[in-house]
Amino acid sequence: MGRPSARSRRLAGYHLWPDADCQAYPYIKFIDDEYRNLLNLGPDTGNGEGMSYASALQTEIPGESRIIKVIMNATDARYRPWRTKSNGLIGNYGVINLQPRSTANFLVKFYDIGDNGDKAGRLEFPRMAFTVYDMDTGPDGEGVESVTLDGFDEYILADDSEVLVEDLDDGRTRFSGTTPGDHTDNSKLGPTPGDPQALSALGLKRALTVTFTDLRTLRVQFKVSDAKAPRFFQFAFRPTVPCGAQVLPSLEAVGPLQTAIEALAGHKFQIWRAYVGDEVQVNDPIAVSTDPNDNDKTHTYRTPVAGTVKYLQLGLVETDDIDSWAPNRVIAVIEEPPPSMTRLAVSRDKGLIDSGVRVEAGSAPTITDGDAQRAASINGAAARVAAREWTGQDLQKKETRAEKAAETLYFEKYLKEVGDTVRRGEEIAMVKYEKEEAELMTDKGSEVRLVATHSGVVAERHEDLKPYEPLTLIPDHALMTLARFPPLKALDDQAVGATIPDDVELQEWKVQVGDTVKAKDVIAVVSSPGGGKERNVQALQGGVIASLQPLQPGDSSDRIEGSSSVLALVGKFPPLAVNPPDDVATDYTATNGKYFLAYRVTFGQQVLANTRVAVLADENGNPVQLLAPVTGTVASIVVGLKEGMDLQHVLSDTNLVTITEGPVNITATPPGSAEEGGSGSGSGSMWMWCFLLVVPLCCIAGLVMFRSVGKDRPLE
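Position 457 of the sequence shown, counting from 1, maps to 457 under UniProt numbering, and the rest follow consecutively.
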């Protein structure tokens, strides 16, 4: 039997057959698995062997429906389920599970239902379709799912189907999965789990539809090859492959200049109010949808920003359920025009130089402000040039040849993506010179790397530019544009650590992410533009540096977007681990100290209960001792705390020391002992004995020295 080619009448997976052909096939929609007892294995009992589905028979799609009963019976004793409770329904799919290395044959019949709910007789369908879904294998190709059928008119698979077809000697046809899959794939098979009417591209690849004429009884065999886990077969009576809806590719907004317009949940598409390429202003209409749950009330989607309509979900047509066709519900993407940004195309070490620029051996000319503005132009672009690649002669004499070389620059590849952070002087793209001009420009080959003249975020680049196309195709000679850095936004456990003044340049960072700082620590050094007087940017409060603006020395504060002046964010120290019942936290409270001064213990040190582990300070700066709650060993302390840190701002909780309770090998000393910094009886006795011994010795020594000096010194 040949494999029919499934061709789509419309774009992106609408009906593969004409609507009239699809509507000729009825749809049996499973409603309830009212009785499950295949091969008398349960879980239900009392009504004989088999499985019964209460179903809605739709003779048109959509159309009126009536209730019928679909009954499935096992025809041999080989059926070995993994769990009978998992048979029945998943959404609107029928489902049967099998153990590995097992085969089962089933017979399916259809019954009409009378007004009183009794079976009113067998049904026969002039046309009927049967579809099996998610045909795959287990890991490493084990646990192959196979379905064997006969008596059908034809089978329909997607053009890129993963289903293997085999004609058997007995006239039947076997269909088998070929690609590994598991339950994690289920969400990728279609927009709504359990809905056989809409499949993703992956779902269509793993689905099989067979059609019948005058179907009264369906015989089907399910088989699972050797494996370590059971497999599940999902099926429905509808022509899903040729008539089901394939999910449209998702639209996404990429980069800071694109904004997505998302449809409301549960809405149906009505009409477009704009076209791709239209220039739109804020609040212009884009599309209209209706809410079937609110009397088809309409909703108009409007642009939140001004720009150009970049993408529309053009596969949507009137009355389409947006949730089913576009799972992420993005129906349009608007692209804003790039703001006034720095244009990039400056050659580092190898490249073109403005006429009149003189390069001396061993020198590297700097770019002036005027040159930086012209850096967008490849013809006569300003550049830093390694003097070792030039002879030190006046390059003005080569102006004509250099301009000609500019016309022979060819694009090779980008080195930065849209959305990437770029630092001034960082490489952004690679281009090449035509061979004969390469010898003029460099003795190291024709490759040239272009670098950024400013720091920022890549907002736009010429995506249509292909390798080896001349850069003269670019109207303004600008390969990329840069946006300012977005403002830093503090998370729940973060705070503003430092702000940068307006109209200054960063000169030097004094910290990096992960460093600990206390209030008034120096975060960075800045100066007025042009190298004016330097001043320090100090921390507003203590903590751990969580993020810094990606400025580099020489960058201006106006490279930060908008009016934000946040230069650094600080976070809190992570809480210490406490594993009860052995571990005990040493907590501080507002009444026994607020500011950290010093630890008096280290990791692994043994401590006694009520001995000092840290010194804090209260609101007035008076020292307060933090005492160990139990006897044991120090399991952890907060590493990085600095003197003067406000504990409420820098700690995630109130625990300063975790102590593992247990016996120790140290002798208890009374409060006020030498260990506690006071004068106990033991230490007092020791000092008394020292005094009684040392003082007389000192007196005797002094007397001896006096007598000696007096004897040897002449009288005056």
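For every residue, glycine included, the Cβ atom is placed at its ideal position computed from N, Cα and C.
Query, Result
"Helix, strand or coil at Thr303 according to DSSP, with G and I counted as helix", "coil"
"Rounded distance between the beta-carbons of Gly640 and Val570, thought under 8 Å", "At roughly 12 Å, the Cβ-Cβ gap does not stay under 8 Å, so Val570 and Gly640 are not in contact."
"For Leu89, the three-state DSSP class (helix, strand or coil)", "strand"
"Arg600 and Val613 closer than 8 Å at C-beta", "yes"
"Sub-8 Å separation of Thr586 and Leu626 beta-carbons", "yes"
"Of the residues Leu39, Cys22, Thr290, the one placed nearest Trp272, counting alpha carbons only", "Thr290"
"Start-to-end residues for the beta strand (DSSP E) that takes in Asp497", "It is worth fixing the name first, because residue 497 is Gly in this sequence and not Asp. Looking at the DSSP string, the run of the beta strand (DSSP E) that includes Gly497 is 494-499."
"Option in Val220, Gly277, Gly456 with minimal Cα separation from Pro337", "Gly277"
"Whole-angstrom distance between Arg36 and Pro43, CA atom to CA atom", "6 Å"
"Ser250 to Pro574 span [Cα, whole Å]", "39 Å"
"Where Pro18 sits in the DSSP three-state scheme", "coil"
"When Thr211, Ala158, Ser176 are compared against Asp136, the one with the closest alpha-carbon", "Ser176"
"Within-8 Å CB hit, Thr178 to chain C", "In the structure shown, chain C does not exist; there is a single protein chain."
"Same chain only: Cβ atoms within 6 Å of Lys105, ignoring 5 sequence neighbours per side", "Sequence check: residue 105 is Asn here, not Lys. Contacts found: Thr75, Asp76, Gln221."
"Simplified DSSP assignment, three categories, for Gly531", "coil"
"Pairwise C-alpha distance: Asp492 and Asn620", "29 Å"
"Residue environment, Gly554, which counts as buried when at least 16 other CB atoms sit within 10 Å", "exposed"
"Contact under 8 Å by Cβ, Pro180 with Pro100", "no"
"Alpha-carbon to alpha-carbon, Leu208 and Gly46", "35 Å"
"Length of the line joining the Cα atoms of Ala375 and Glu534", "Note on Ala375: pLDDT 30, under 50, position unreliable in the model; the coordinate value appears next. Taking the straight line from one Cα to the other gives about 29 Å."
"Beta carbon of Gly88 nearer than 8 Å to that of Met51", "yes"
"Where Pro581 falls, given that 16 or more other Cβ within 10 Å makes a residue buried", "exposed"
"Closest by C-alpha distance to Pro304, when choosing among Ala260, Val70, Arg329", "Ala260"
"Whether Leu482 touches Val458 by CB criterion (8 Å)", "yes"
"Test item: CB-CB of Tyr588 and Leu656 under 8 Å", "yes"
"Short Cβ contact (8 Å threshold) for His462 with Leu479", "yes"
"Pick from Glu279, Asp296, Glu262, Tyr155 that is closest to Gln313, judged by C-alpha positions", "Glu262"
"Spatial neighbours of Ala20 in its chain, beta-carbon cut-off 6 Å, leaving aside the 5 residues before and after", "none"
"Complete beta strand (DSSP E) runs within the segment 111-157 (minimum length 3 residues, chain order)", "119-122, 125-133, 145-149, 154-156"
"Beta-carbon separation (whole angstroms), Phe237 vs Phe130, contact threshold 8 Å", "6 Å"
"Option nearest Val132 by Cα separation, candidates Tyr410, Leu488, Thr211", "Thr211"
"Own chain partners of Phe235 with C-beta closer than 6 Å, once the 5 adjacent residues on each side are dropped", "Gly94, Val132"
"Neighbourhood of Gln270 by C-beta, 7 Å cutoff - its chain only, sequence neighbours within 5 removed", "Val288, Ser289, Thr290, Thr298, Glu318"
"Run of the beta strand (DSSP E) containing Leu218, from where it starts to where it stops", "217-224"
"Gln281 burial status per 10 Å Cβ neighbour count (16 or more: buried)", "exposed"
"Per DSSP, the bridge partner or partners of Ile560", "Phe485"
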